[in-house]
Amino acid sequence: MDFSLVVIYLGFTLAAYSVVGNDTIQTLGTFLSSNERKKWWVLWLFAGGILSITLIYGYATHGGDVSYGRLEKYPMPNPFAWYYILPPIILMLLTRTGIPVSTSFLILTFFNQKNLNDMVIKSISGYAVAFTASLILYAIISKTLEKKFIENPITDKQNKIWTTLQWCSTGFLWSQWLIQDFANIYVYLPRQLALWQLILSLAIILGMLAFIIAKKGGAIQSIVKSKTNTVDIRSATLIDFTYGIILFYFKELNNVPMSTTWVFIGILAGREIALNFMLRKKEGRRNMFKNLGMDLIKVLAGLIVSIILVYLVKYLATI
4 MDFSLVVIYL GFTLAAYSVV GNDTIQTLGT FLSSNERKKW WVLWLFAGGI
54 LSITLIYGYA THGGDVSYGR LEKYPMPNPF AWYYILPPII LMLLTRTGIP
104 VSTSFLILTF FNQKNLNDMV IKSISGYAVA FTASLILYAI ISKTLEKKFI
154 ENPITDKQNK IWTTLQWCST GFLWSQWLIQ DFANIYVYLP RQLALWQLIL
204 SLAIILGMLA FIIAKKGGAI QSIVKSKTNT VDIRSATLID FTYGIILFYF
254 KELNNVPMST TWVFIGILAG REIALNFMLR KKEGRRNMFK NLGMDLIKVL
304 AGLIVSIILV YLVKYLATI
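For reference, each letter of the sequence shown is one residue, going 4 to 322 in the working numbering.
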């Protein structure tokens, strides 16, 4: 087998594992937290079904391009050198530490450094929009809804209604996230896939998704659980719906890939600050800002690492 083919399919497999392990929890984290009592394979069938539909729809409507046009400015390298497998390997190692690094910066920048500036601008804008929207939303609803959620455990009757609402909001969010992040995985495969490549790649991703859900999210899930009342299915529904709307907005804005990690961190930060101040939880305010600051530092570290890797690859390519 040609060495470049080995790199291509190894890169795809590693990228799929890294993206699913790192980024999936941004969209399914609150869903997993609030559905811990359900069997993992039920959650997997739901998430896997939406993933399959989203992937196949993109394949059918974009001439075999499952990235929904987001890889137009990322041509396949020729030749496909060995160092292109470095980003997903590094991402996989960082994921095990619980660092929410951006797969978009770490992987896509390798394939076209010229688009880094546009990606950074869009991702920072995503953080700002998510933070502001979440701060305003939860400042308005914290006393009327979130306080009620915290003080009044959900009843069996309410649970049935909110379960339906949450699964709908999660399905919407999950599909919008997949449209953004399929590019991070399929950047290693041809821009127009053959049918067998679609089927094989889908099977690989579904297998990895099953592994992550069975593990209940892994290390990144701790970021979700550390935030106020995220295990309540009612709160989780609101978070997912807010996140989904913001991703939908940026999806429609243009085809420039962005870091969904920044949007995720922005939503949780705005929500946490609003709840803390509106519910007057002064005693834990210092720790709250410390934790939110650490979340931001971690995503900034991911950006810095990705930029360093770009120049490292350039150096390796010349020796």
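Virtual Cβ for every residue (Gly too), placed ideally from N, Cα, C.
Whole-number beta carbon distance between residue j and residue i, since they are thought to touch under 8 Å
{"i": "I110", "j": "N38", "result": "The Cβ separation is near 29 Å, so there is no contact."}
{"i": "I270", "j": "A133", "result": "5 Å"}
{"i": "K125", "j": "F292", "result": "Between F292 and K125 the Cβ distance is about 26 Å, and since that is not below 8 Å, they are no contact."}
{"i": "L192", "j": "Q200", "result": "6 Å"}
{"i": "G129", "j": "V266", "result": "4 Å"}
{"i": "W85", "j": "A213", "result": "That belief does not hold up - the Cβ atoms of W85 and A213 are roughly 30 Å apart, past 8 Å."}
{"i": "M95", "j": "Y12", "result": "Rounded, the Cβ-Cβ distance is 16 Å, inconsistent with contact."}
Nearest candidate by alpha-carbon position, reference residue i, set the options
{"i": "L35", "options": "W85, I216, V132 and V316", "result": "I216"}
{"i": "S145", "options": "F49, S238 and F108", "result": "S238"}
{"i": "V23", "options": "L196, D184 and V69", "result": "D184"}
{"i": "I202", "options": "Y20, I11, C171 and Y62", "result": "Y62"}
{"i": "A142", "options": "K301, L319 and E275", "result": "E275"}
{"i": "N257", "options": "W265, K76, D159 and T245", "result": "K76"}
{"i": "L74", "options": "L312, P260, G296 and V308", "result": "P260"}
{"i": "F108", "options": "L319, A277 and T263", "result": "T263"}
{"i": "D68", "options": "V308, L198 and Y314", "result": "L198"}
{"i": "L205", "options": "T30, W43 and Y60", "result": "Y60"}
{"i": "T64", "options": "R40, L196 and L8", "result": "L196"}
{"i": "P78", "options": "L319, K117, N279 and T166", "result": "K117"}
{"i": "Y71", "options": "L176, L303, F175 and Y189", "result": "Y189"}
{"i": "M211", "options": "L13, G51, L8 and V9", "result": "G51"}
{"i": "G14", "options": "S105, I207 and K301", "result": "I207"}
Residue i - containing alpha helix (DSSP H), residue span
{"i": "N279", "result": "T263 to M281"}
{"i": "T173", "result": "D159 to Y189"}
{"i": "Q200", "result": "L198 to A217"}
{"i": "S55", "result": "W43 to T64"}
{"i": "S128", "result": "L119 to I144"}
Close-in-space but distant-in-sequence residues of the same chain around residue i (CB under 6 Å, 5 per side omitted)
{"i": "D298", "result": "I268"}
{"i": "G273", "result": "F134, S137 and L138"}
8 Å Cβ shell around residue i - same chain, five flanking residues per side excluded
{"i": "P80", "result": "Y87 and F114"}
{"i": "L181", "result": "I53, L54, T57 and L58"}
{"i": "L148", "result": "R237 and L241"}
Own chain partners of residue i with C-beta closer than 7 Å, once the 5 adjacent residues on each side are dropped
{"i": "I92", "result": "L17"}
{"i": "M281", "result": "A142, S145 and K146"}
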